[in-house]
């Protein structure tokens, strides 16, 4: 919708292609959030005292924008105002974490650099690559192609997926780390809860389907409660907000299981490294978590259906370095095994190998990303 609403101002921008080459505009989803790689790269770049760039971040939520301007300075603008809209339209470079650009429309990359940072590595197919796309959705993605100059990719493993997202030529996919991953490295030195072995359970969002938690035929909630209490283990559920209401009450009322909502932790990457173990399925969060080299348990209970509806961009079995228990008893065994062998488990070498493939950059992510963006701005 945003792309059609902004069609008129975007056309004016094309007709009068005057650009301020020193101006950078950041945004994220729907111009209402301060998050993801846009946030991390923006904060890194405004701290650079040698910058001769005019840097702004679009936040159309009035309350949030005022709060951010008080905290960081007058960098936050709104495209709902004439002045803010003109700053955006006249800028030579836009940087976004999503497919929603600062102003809607098409042809937005004409005489402008529009750089897509992304907000995760594409383990599953995205854009035009999704297996179940309708004709209308495919047409929409083909139109979006005209809005982007470059897509950043963390690894050669994902280059094809990003190119295929909008049908881009491979020379428009540029290798660069995710700026936000500095947060993972920093949080690794802390513990999410000093008194408990802390597990993050973060299943991926599924189109049109509820998430099945603890997907085992022999699942026993009372047995789980006893197991967690005995071993001083807490499990924190990170679920898409749309599916919180589908979490069974028997799990919600569990004394050792907690919902970790966006209200409690807005950006999971800021605390991701502090967890002792990750449980997931096809969420790209596990690629980020691999930077810690800590253990991961995979629960791909609907893998065949997910492959059919969405599809994978990587050989999932090969690049998911951890156990995939098929029963509840096996699940508890794997958790206990990692718990008792914190620094010496059988999957460590596999995690290290996959981490090398998907995360070539191990530190200074924001700095490396900023250097690459500066080079792209010169093009």
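Numbering (this note's numbering), first residue to last: 70 to 448. Ideal Cβ placement from N, Cα and C applies to all residues, glycine included. Since the model is a prediction, treat every value here as computed from it, not as a measurement.
Can you check DSSP and say which residues form a bridge with residue i?
i: residue 163; result: 94 and 183
i: residue 89; result: 160
i: residue 381; result: 193
i: residue 270; result: 306 and 348
i: residue 145; result: 126
Of the residues the options, which one's Cα is nearest the Cα of residue i?
i: residue 101; options: 426, 135, 263 and 124; result: 135
i: residue 250; options: 357, 394 and 371; result: 357
i: residue 234; options: 200, 253 and 374; result: 200
i: residue 227; options: 239, 286, 216 and 217; result: 239
i: residue 414; options: 391, 425 and 397; result: 391
i: residue 313; options: 327, 302, 303 and 301; result: 327
i: residue 216; options: 203, 165 and 306; result: 165
i: residue 182; options: 109, 93 and 205; result: 93
i: residue 268; options: 340, 445, 290 and 236; result: 340
i: residue 349; options: 118, 411 and 282; result: 282
i: residue 106; options: 305, 222 and 419; result: 222
i: residue 419; options: 360, 142, 381 and 112; result: 360
i: residue 278; options: 400, 382, 309 and 171; result: 309
i: residue 123; options: 131, 204, 142 and 132; result: 142
i: residue 299; options: 289, 265 and 255; result: 265
What three-state label does DSSP hand residue i in the structure shown?
i: residue 343; result: helix
i: residue 447; result: helix
i: residue 275; result: coil
i: residue 328; result: strand
i: residue 376; result: helix
i: residue 123; result: strand
i: residue 280; result: coil
i: residue 436; result: helix
i: residue 198; result: helix
i: residue 99; result: helix
i: residue 311; result: helix
i: residue 188; result: coil
i: residue 259; result: coil
i: residue 138; result: helix
i: residue 295; result: helix
i: residue 131; result: helix
i: residue 361; result: helix
i: residue 391; result: coil
i: residue 238; result: coil
Are the CB atoms of residue i and residue j nearer to each other than 8 Å?
i: residue 272; j: residue 352; result: yes
i: residue 88; j: residue 161; result: yes
i: residue 220; j: residue 188; result: no
i: residue 224; j: residue 429; result: yes
i: residue 366; j: residue 346; result: yes
i: residue 450; j: residue 317; result: Residue 450 is absent from the model: the chain starts at 70 and stops at 448.
i: residue 343; j: residue 396; result: no
i: residue 191; j: residue 434; result: no
i: residue 126; j: residue 96; result: yes
i: residue 336; j: residue 169; result: no
i: residue 146; j: residue 137; result: no
i: residue 243; j: residue 445; result: yes
i: residue 306; j: residue 270; result: yes
i: residue 315; j: residue 280; result: yes
i: residue 193; j: residue 380; result: yes
i: residue 286; j: residue 398; result: no
Just curious, the beta strand (DSSP E) that residue i is in, first and last residue?
i: residue 221; result: 219-222
i: residue 242; result: 242-244
i: residue 175; result: First-last for residue 175: undefined, no H or E at that position.
Starting from residue i, follow the alpha helix (DSSP H) in both directions and report where the run begins and ends.
i: residue 425; result: 417-427
i: residue 400; result: 397-409
i: residue 227; result: 225-235
i: residue 111; result: 105-115
i: residue 367; result: It is not in any alpha helix (DSSP H) - residue 367 instead sits in the beta strand (DSSP E) that spans 365-367.
i: residue 248; result: Element bounds for residue 248: n/a, residue is neither H nor E.
i: residue 333; result: First-last for residue 333: undefined, no H or E at that position.
i: residue 286; result: Unbroken run through residue 286: none, as it is neither H nor E.
i: residue 357; result: 354-358
i: residue 318; result: 318-321
i: residue 337; result: Neither: residue 337 is in no alpha helix (DSSP H) and is coded neither H nor E.
i: residue 168; result: Taken as a continuous stretch (DSSP letters only), residue 168 belongs to no alpha helix (DSSP H), as it is neither H nor E.
i: residue 370; result: Neither: residue 370 is in no alpha helix (DSSP H) and is coded neither H nor E.
i: residue 211; result: 204-213
Is any heavy atom of the ligand FMN found at a distance shorter than 7 Å from the C-beta of residue i?
i: residue 126; result: In the structure shown, the ligand FMN is absent, as is every other ligand, since no ligand is present at all.
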